[in-house]
Amino acid sequence: MSTFQPTPTKPWWASAVIYQIYPRSFADANGDGMGDLSGISGKLEYLAALGINAIWLSPFYLSPQADAGYDVADYRRVDPLFGDLQDFDEMLSKAHSLGLRVIVDLVPNHTSDEHAWFQEALASPSGSPARDRYMFRDGRGIDGVEPPNNWRSIFGGGAWTRVTENGVPGQWYLHLFDTKQPDLNWENPEVHAEMESVLRFWLDRGVDGFRVDVAHGMVKAAGLPDWEGQTAMVSGDETNTLASQSPAHQQKPAMDPPSPFFDQDGVHEIYRAWNRVLKEYDGDRMLVAEAWVEQPERLALYVRPDEMQQAFNFDFLLAGWDAQRMAAAVDNSLLANAAVGAPATWVLSNHDTVRHTSRFGLLDPTAFPKGISAEDEQPDEALGLARARAATLLMFALPGSAYVYQGEELGLPEHTTLEAAFRQDPSFFRTNGVERGRDGCRVPLPWKASEPGYGFSSGTPKEGGHAAPWLPQPPSFAHYAADTEAGVAGSTVELYRSALEVRAAHALGVGTHAWAPQHDPGAGVVAFSNGPITVLVNAGSVPLDLPPAAEVVLASTLDSVSQGKLAPNSAVWIAS
Ligand code: NOJ
């Protein structure tokens, strides 16, 4: 009798490498200067060849685009900017045929003010069922001229806007983000029912999961109490803006009182219900939380067995290029996730952050600026890229699931000199430009170095050629174009391809992390093994001795290893 015991297989998401597509900026198939679903379909072979396992699409739903689609007017329709439902179905079926899973974005904290529900609320009296789907309140002070509380919008300015009723000022509504993004009332059962129906709509079409926007934000503290803390997606991150980089500002601020609108215990009930919805479907469907919750133990609550499957690891993203912070983020995440039996996740960049290639090239490579413009410190592009590639080798060697933001496989830098006239992010306008905003990481991808718009647009050119990409690309993008890097030894895209190949061959995603003898974060060295691979990261300033006769499997650049030493700002995978 055989003693062979098959290892119980883990669901796909436990170890998947998930590539974030920002549809506006990925690929434009109809030549209008805006990316679209058909553009994505046309590049799926490229993604499959890269070695990723799944794609996550930022919103492509009907929207006035006040926050680039995170203001949804109809959760069941595709915005004509991006195509239609048939284009979506074709993209989904092609992705599946190539073995790629597809995750879509769900934005449940708020709708667009152009959503039918909000329009109905505006046309209905205070106290009506239509108003109760949102957070309408009477104002304070004489005639209600003061907002109901002192909350600030995450994008700057107040979090309340007053509406007009029969020609006179009336109630106020809450918007944690832009005025055009009214918060839904998650105390209202109709809101729960509607969002579950939206989940089913996309699950029925065959999507493999949802990235849940502001997953820590839907429930607000009873009575909506005033709050004196700092309003930001993650508390304390204002201290990391470029404008405040004096050493005094780099210490962690005093702890704010807990926020009344983030990470309320009540959110977990919502995810338990959604977990049950997903269970009705086959194929290990999943939910990933965008929850800027600082304490790993609090974040882990979102991925308990009856809630979501994953949560983004912003602790890792915020660590920057710093051995001690990276090592601590790894330790804390592995520990907190293990406590609830969930796989860890890893991420370095997304559409809300300055690209890590550029952050890592700043004088303080742990800074977390809210955008960069020509007046700010300009990153050292080559240094940032070298460090970014090393951080990638660190990330891909870790067990769990890794997220890649479109263009990072090309080593794309942030557009750091984008002129104000082109900026579109509401946070830029709501802070009068103090926050430069997120446009610099959302610039359309360069596919072909020698074509206009670096080949972002294809399809039949209109008379006079393709429209210009919706955000201008910096000239440096020519060096990073996909066709320039393809097949070139030492290019960033080939590093990603090789690393993903080795990761898959050795099943590192379901492997086991163990700190290696060389691990010495105080000296700038992060070192661990996972199965047959040991990764050494040199974030210090002196070359690091490799073990004698080390067999180098992969190095972050062609000249990272020389005479048995690993150069600073480099990483290497060696055979354990
Ligand atoms: C988080 C999204 O990632 C961001 O782009 C958006 O502006 C806010 N949530 C509001 O939906």
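Sequential numbering from 1 applies to the sequence shown in UniProt numbering. Beta carbons are placed, not taken as given, at the ideal position from N, Cα and C, and that holds for glycine.
Buried/exposed call for residue i, threshold 16 Cβ in 10 Å
i      : result
Tyr19  : buried
Ala344 : buried
Gln5   : Per-residue confidence for Gln5 stands at a pLDDT of 49, beneath the threshold of 50, marking its modelled position as unreliable; the derived number appears in the next sentence. Exposed is the call here.
Leu566 : buried
Phe210 : buried
Gly407 : buried
Leu98  : exposed
Leu57  : buried
Gln473 : buried
Leu418 : buried
Phe82  : buried
Ala402 : buried
Arg387 : buried
Phe422 : exposed
Asn313 : buried
Val404 : buried
Lys370 : buried
Arg272 : exposed
Ala499 : buried
Residue from the options whose Cα sits closest to the Cα of residue i
i           : options                        : result
residue 586 : Pro260, Asn166, Ile142         : No answer is possible for residue 586: the residues shown for the chain start at 1 and end at 576.
Lys279      : Arg200, Pro189, Asp226, Ser333 : Arg200
Gly69       : His115, Asp32, Thr417          : His115
Asn30       : His466, Glu187, His110         : His466
Asp322      : Asp559, Leu62, Ser541, Leu224  : Ser541
Trp470      : Tyr480, Ala489, Gly440, Ala499 : Gly440
Trp12       : Asn53, Pro472, Asp213          : Asn53
Val553      : Arg503, Gln518, Glu375, Gly509 : Arg503
Ala539      : Ile533, Asp545, Trp117, Val526 : Val526
Asp284      : Pro472, Pro369, Leu203         : Leu203
Ala367      : Ala374, Leu47, His356          : His356
Gly524      : Pro461, Arg325, Glu414         : Arg325
Asp183      : Val72, Arg76, Gln230, Glu90    : Val72
Pro547      : Pro517, Leu558, Gly522         : Pro517
Trp186      : Trp151, Asn109, Gly223         : Asn109
Glu269      : His192, Arg205, Leu318, Trp227 : His192
His175      : Val168, Thr161, Pro169         : Thr161
Arg442      : Thr353, Ser457, Glu290         : Thr353
Ile40       : Arg497, Pro444, His415         : Pro444
Gly48       : Tyr496, Asp545, Gln563, Asp425 : Position check: residue 48 holds Ala in this sequence, whereas Gly was assumed. Among Tyr496, Asp545, Gln563, Asp425, the Cα nearest to that of Ala48 belongs to Tyr496.
Ala382      : Ala478, Asn569, Ala489         : Asn569
Trp292      : Asp282, Ala311, Tyr281         : Ala311
Arg140      : Ala221, Arg77, Glu190, Asp226  : Asp226
Val267      : Tyr281, Pro369, Ala289         : Ala289
Ala95       : Tyr61, Lys43, Val537           : Lys43
Gln171      : Val198, Ala221, Asp132         : Asp132
Thr512      : Asn432, Ala481, Pro532, Lys448 : Pro532
Ala130      : Asp138, Arg137, Glu120         : Glu120
First and last residue of the uninterrupted beta strand (DSSP E) at residue i
i      : result
Ala467 : First-last for Ala467: undefined, no H or E at that position.
Val493 : Val493 -> not in any beta strand (DSSP E); alpha helix (DSSP H) instead, spanning 492 to 505.
Met308 : Note, Met308: premise wrong, no beta strand (DSSP E); not H, not E.
Ile21  : 17 to 21
His513 : 513 to 515
Met286 : 286 to 289
Thr416 : Looking at the DSSP string, Thr416 is not in any beta strand (DSSP E), and its letter there is neither H nor E.
Ala54  : 54 to 57
Phe262 : Note, Phe262: premise wrong, no beta strand (DSSP E); not H, not E.
Bridge partners - residue i, DSSP secondary structure assignment
i      : result
Trp346 : Ala402
Ile533 : Asn530, Ala575
Leu62  : Asp74
Gly158 : Arg152
Ala555 : Val572
Arg359 : Answer is none; Arg359 lacks a bridge partner.
His110 : Asp183
Residue span of the alpha helix (DSSP H) that contains residue i, given as start and end
i           : result
Glu45       : 44 to 50
Gly170      : Here Gly170 belongs to no alpha helix (DSSP H); instead the beta strand (DSSP E) covers 168 to 174.
Ala390      : 381 to 397
Leu299      : 296 to 300
Asp331      : 323 to 340
Asp483      : 482 to 485
Phe210      : Unbroken run through Phe210 is the beta strand (DSSP E), 209 to 212; no alpha helix (DSSP H).
Ala116      : 116 to 122
Glu190      : 189 to 205
residue 577 : Outside the displayed span of the chain (1 to 576) sits residue 577, for which this structure offers no information.
Asn432      : Looking at the DSSP string, Asn432 is not in any alpha helix (DSSP H), and its letter there is neither H nor E.
Heavy atom of the ligand ZN within 6 Å of residue i beta-carbon
i      : result
Val267 : Judged by which ligands are present, the ligand ZN is missing from the structure shown, whose ligands are the ligand NOJ.
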